[in-house]
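First up is the structure itself, then whatever we jot down about it.
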Amino acid sequence: MAYNTTQHHSNYVSIMALVALLSITSGCGSGTDDVVLPEPPALVLEGFDTDVATQIDKTYEQWKANPRAPETNGNLAMLLHAHQQYSWATVYYQRARQLASGEFRWAYLHGLVLIQLGEREAAIAALCQALELTPNYMPARVKLAMLLIDSGQFAEGQSLYEQLLKEWPDLPQALYGLGRLKLQQGQDSGIALLERATYGAAPYGAAHYALAEAYRSIGNSTQADMQFELFRRRRNQEPLLGDPFLETVKDMNESKLGLINRGQRLLGQGKIRNAIEQFERALDKDSSAAGTHSVLISAYGMLGEYDQAEAHYRKGLAIDPDPVRLHNNFGVLRLKQQKHADAAQAFRAAIAADPDYVDAYINLGAALESSGKGSEAIKYYRKALEHDSAHRAAGFHLGNAYMRMNNPYRAAEQYQRILEPQDRSTPEYLQALAAAYLGMWKYAEAEAALENAIEIAEKTARTDLLSKLKGSLERVQSKRQSLTTESP
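Numbering (this note's numbering), first residue to last: 114 to 601.
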């Protein structure tokens, strides 16, 4: 979900009041023009990639030509920031702030660098100044709330989080931050907030971990284990905050890793063609990056450019000593092309490369089902569950396979196993369970499953499912009513 990060709201006055209070207590202020500029550090570029060193050197020369211009200081700071040279970047950001005290971006970006340097009080002051200039910039408010909580200013941090949630009720970062704070204060209501933080379309590893710890603290080991497993799968994933100023900084990183990260971000935003351009540029810098070939198989497949995708599969195989993801992604490509035999062959190759790679078993099952081999598909879905009994997608596929073989009883067993923990997928699982109940003539159970699905769909903002679920519920209720009327 994309958030409008700069819209104006009725909370403007309360935000400004809070920032003003913080400005007093933290020494934050914007009157820095009369302060002597800090001495710029010497930039030692040994160890940088040639292209990166050239880029930094060019920007440094522009700064030397006009060292008291806010723009030259800020641009150099942003470039150093992009390459994680925080101790250098902080000096140039400070100079830019003093030379242009009314410029939001220098105060905000400096605050982000100060966070990286662990200078919490200075970061709070910088973010206060930024919010004095642009009070409604959501990412700055999220970062400030986090810092305030971490520095022990709980009331102020809580106030910021609560204001954010009034404006963006489903903002995962605010739900996560406020949920953790509530739990620290001994309030079990924090669990519900953390649950909501995990309901978004994007995975949120840190929220799953916090939720697991919360469940463990109240003795709910079953839910704790489920959340720890989700954390294991999503450890390094979190929702995009939508921060144009920080994205501008990241886009200045022209290293191989910077290009790959940019490509991944663009993929997440649905900008597939732009993402491909970044991945291809990364390969121009290092053609031996097999993982990039693997990603490009999927990216070109999304655009239906199958020849390009296959070319990257062949290139990747020539250099990758561990080709499991290459085989798997190529299998998905062939499955999309309805070349089921080729897909199955690729998935078998992935399993041979890594017998513990669960996704390949699931995908092989799907390829076999598409070829009319339902019984054999079930065998591979079961193998996936043998390797990972908590894998909900494997259970869902297995249940669906049983339904296609007219065995709703076995299907229902699988669907029931995957109903927890509740998230955005749960309404679909309940919908499938309701269909299985109907296949067993259990109308009351089907009605209850659909009612539960609607409740969870509303809670997890699955608006795409609601009308279909409500229509199904009406039909089941009508059928139950007619059966009751017909009964002697």
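Each residue gets a CB set at the ideal place from its N, CA and C atoms; glycine is no exception.
None of the values given here were measured: they were computed from a predicted structure.
If you drop the 5 nearest sequence neighbours on each side, which residues of the same chain put their C-beta closer than 8 Å to that of Glu162?
Going by the sequence as given, residue 162 is Asp instead of Glu. Only Ser368, Lys369, Lys398 meet the Cβ criterion.
Beta-carbon separation of Gly318 and Arg348 under 7 Å?
yes
Whether Val437 touches Asp472 by CB criterion (7 Å):
no
Pick from Leu596, Ala479, Ser484, His500: whose alpha carbon is nearest that of Asn513?
Ala479
Excluding the 5 residues flanking Gly270 on each side, which residues of the same chain have their C-beta closer than 6 Å to its C-beta?
Ala258, Leu261, Ile262
Local conformation of Ser139 per DSSP, three classes:
Caution applies to Ser139, whose pLDDT of 49 falls short of 50 and renders its modelled position unreliable; the model cannot decide the point.
By the 10 Å Cβ neighbour count, where 16 or more other Cβ atoms means buried, how is Phe509 classified, buried or exposed?
buried
So which of Ala195, Gly231, Val149, Ser595 has the shortest CA-CA distance to Gln168?
Ala195
Report the residue from Ala547, Ile464, Asp301 whose alpha carbon sits nearest the alpha carbon of Lys583.
Ala547
Report the three-state DSSP secondary structure of Thr145 (helix, strand or coil).
A caution first: Thr145 carries a pLDDT of 44, below 50, which makes its placement in the model unreliable, though a value can still be read off. It is coil, neither helix nor strand.
Using the Cβ count rule (16 or more neighbours within 10 Å means buried), how would you classify Ile475?
buried
Supposed close pair Val362, Leu240 - CB separation, criterion 8 Å
That pair is no contact at about 16 Å.
Would you call the region 400 to 408 and the region 434 to 449 in contact, with 3 or more CB pairs under 8 Å?
yes
Indicate the three-state DSSP secondary structure (helix, strand or coil) for Asn519 in the structure shown.
coil
Quick one: give me the first and last residue of the alpha helix (DSSP H) that Tyr197 is part of.
The sequence as given places Gln at residue 197; Tyr does not occur at that position. Per DSSP, Gln197 belongs to no alpha helix (DSSP H) and is neither H nor E.
State the start and end residues of the unbroken alpha helix (DSSP H) segment that holds Trp176.
163 to 178
Take Leu579 and list the residues in its own chain whose beta-carbon comes closer than 8 Å to its own, dropping the five residues that flank it on each side.
Ile567, Ala570, Glu571
Using 10 angstroms around the beta-carbon of Leu296, count the other beta-carbons present and answer buried if the total reaches 16, otherwise exposed.
buried
Whole angstroms is fine: what's the gap from Ser591's alpha carbon to Ala557's?
12 Å
According to DSSP, is Gln529 part of a helix, a strand, or is it coil?
helix
Here's a check: name, in chain order, each residue in its chain whose Cβ is nearer than 7 Å to the Cβ of Arg329, leaving out the five neighbours to either side.
Ala337
Per-residue DSSP class, three states only, for Leu679
Summary: the structure shown does not reach residue 679, with the chain confined to residues 114 through 601, and so no result is reported for it.
Tell me whether Trp219 sits in a helix, a strand or coil according to DSSP, three-state version.
helix
Note down the Cα distance separating Ser595 from Tyr550, rounded to an integer number of angstroms.
18 Å
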